[in-house]
Amino acid sequence: MQFYAPISTEVNETVNFLGIDLDLTGCVLRPRAETELLARAVIEKITQYQCAPLCIDMCCGAGNIAIALARHHQNARIWACDLTDDAVATSRHNVRRHDLIQRIAVLQGDLFGPLADAELVGAVDLIVANPPYISTSRLLEGDRAELLENEPREAFDGGPYGVSLHMRIIKEAPAFLRSGGWLGFEFGLGQDRQIAALLKRAKVFAEPVWHHDEAGDARAVLVQKL
Numbered sequence: 030m031q032f033y034a035p036i037s038t039e040v041n042e043t044v045n046f047l048g049i050d051l052d053l054t055g056c057v058l059r060p061r062a063e064t065e066l067l068a069r070a071v072i073e074k075i076t077q078y079q080c081a082p083l084c085i086d087m088c089c090g091a092g093n094i095a096i097a098l099a100r101h102h103q104n105a106r107i108w109a110c111d112l113t114d115d116a117v118a119t120s121r122h123n124v125r126r127h128d129l130i131q132r133i134a135v136l137q138g139d140l141f142g143p144l145a146d147a148e149l150v151g152a153v154d155l156i157v158a159n160p161p162y163i164s165t166s167r168l169l170e171g172d173r174a175e176l177l178e179n180e181p182r183e184a185f186d187g188g189p190y191g192v193s194l195h196m197r198i199i200k201e202a203p204a205f206l207r208s209g210g211w212l213g214f215e216f217g218l219g220q221d222r223q224i225a226a227l228l229k230r231a232k233v234f235a236e237p238v239w240h241h242d243e244a245g246d247a248r249a250v251l252v253q254k255l
């Protein structure tokens, strides 16, 4: 496992995620309450492991899910990945803040690209992702344009239908998961039918386990590789 020291960063704000204080630096996605639903679901999975689970946190943002996983399983080893400079710098800062640099590696690149040399193929117990899920038109010209005032477009823009990265994750994740490993991710309101169709088409997962918010809407899913 290869680790990287964080670069010097200026803290803009400190937020709380599942009881964990996190610093925000640069232009990075602000962790939201709805993501705690996904985090709780994957924490429940890894706490069932007696050994040291191998985990990937894709689209890690501020490092909130990766750090939550590490805090809830003292032997978990986690690779966190994101595309932007600010997200990677913020994640590394928070990993160092919580003294987790020996268990969380933060890598930069496009989805699973940075993991090509990590010898994780067929070995990962859990992959979790919080990919962007707002359609480009809504983000640039519609009702969600205000999100770009203080946060990066990369954190929200999910392509023409809002599920472009979900499609890639569902396609690419199985190569890294061991048989019986879990994939969990967040998606937008009303996207559960699209997600269900994509998972079924992949033909490598068991029946999905949906997680609902307080309003009863499906907002996260976990699926087990066959």
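When the letters of the sequence shown are read in order and numbered with our numbering, they come out as residues 30 to 255.
Beta carbons are placed, not taken as given, at the ideal position from N, Cα and C, and that holds for glycine.
Bear in mind the structure is a predicted one, so any value in this text is a computation, not a measurement.
Looking at residue j and residue i, is the spacing between their C-beta atoms short of 7 Å?
i: Val70; j: His240; result: The question names Val, but residue 70 in the sequence shown is Ala. Yes, these two residues count as a Cβ contact at 7 Å.
i: Ala184; j: Leu58; result: yes
i: Asp52; j: His122; result: yes
i: Ile133; j: Ala91; result: no
i: Cys88; j: Ser120; result: no
i: Glu215; j: Thr76; result: no
i: Gly160; j: Leu194; result: A quick correction: the sequence has Pro, not Gly, at residue 160. Contact: yes.
Please work out which residues of its chain come closer than 8 Å, Cβ to Cβ, to residue i, disregarding the five sequence neighbours upstream and downstream, and give them in chain order.
i: Leu255; result: Ser208, Val233, Phe234 and Ala235
i: Gly213; result: Leu67, Ala70, Val71, Lys74, Leu155, Ile156, Val157, Ala158, Ala249, Val250, Leu251 and Val252
i: Tyr190; result: Ser164 and Gln223
i: Val153; result: Leu83, Cys84, Ile85, Phe205, Leu206, Arg207 and Gly210
i: Met196; result: Leu227
i: Ala231; result: Ile199, Lys200 and Pro203
i: Glu170; result: none
Compute the Euclidean distance between the alpha carbons of residue i and residue j, then round it to the nearest angstrom.
i: Ala247; j: Gly219; result: 8 Å
i: Leu177; j: Gln79; result: 42 Å
i: Leu129; j: Ala99; result: 8 Å
i: Trp108; j: Ala145; result: 12 Å
i: Lys200; j: Ala225; result: 14 Å
i: Ser166; j: Pro237; result: 29 Å
i: Arg106; j: Leu168; result: 35 Å
i: Gln131; j: Arg125; result: 9 Å
i: Glu180; j: Ile198; result: 23 Å
i: Pro60; j: Val44; result: 8 Å
i: His127; j: Ala147; result: 23 Å
i: Phe46; j: Tyr162; result: 20 Å
i: Gly188; j: Val135; result: 25 Å
Within 10 angstroms of the Cβ of residue i, are there 16 or more other Cβ atoms? Answer buried if so, exposed if not.
i: Val40; result: exposed
i: Asn93; result: buried
i: Ala202; result: buried
i: Asp186; result: buried
i: Ala62; result: exposed
i: Glu42; result: exposed
i: Gly48; result: exposed
i: Ala118; result: buried
i: Gly151; result: exposed
Spatial neighbours of residue i within its chain, please: CB distance less than 6 Å, with the 5 preceding and 5 following residues excluded, ordered by chain position.
i: Asp115; result: Gly55, Cys56 and Val57
i: Leu149; result: Phe205
i: Asp50; result: Thr43
List the residues that DSSP assigns as beta-bridge partners of residue i.
i: Asp86; result: Ala109 and Val157
i: Phe214; result: Ala158 and Val250
i: Ala174; result: Its beta-bridge partners do not exist; DSSP assigns none.
i: Gln137; result: Asp111
Looking only at its chain, what residues have a beta carbon closer than 7 Å to the beta carbon of residue i, apart from the 5 residues adjacent to it on each side?
i: Ala174; result: Leu168
i: Asp111; result: Cys88, Cys89, Gly90, Val117, Ser120 and Gln137
i: Phe141; result: Glu201 and Phe205
i: Ala81; result: Asn104, Ala105 and Arg106
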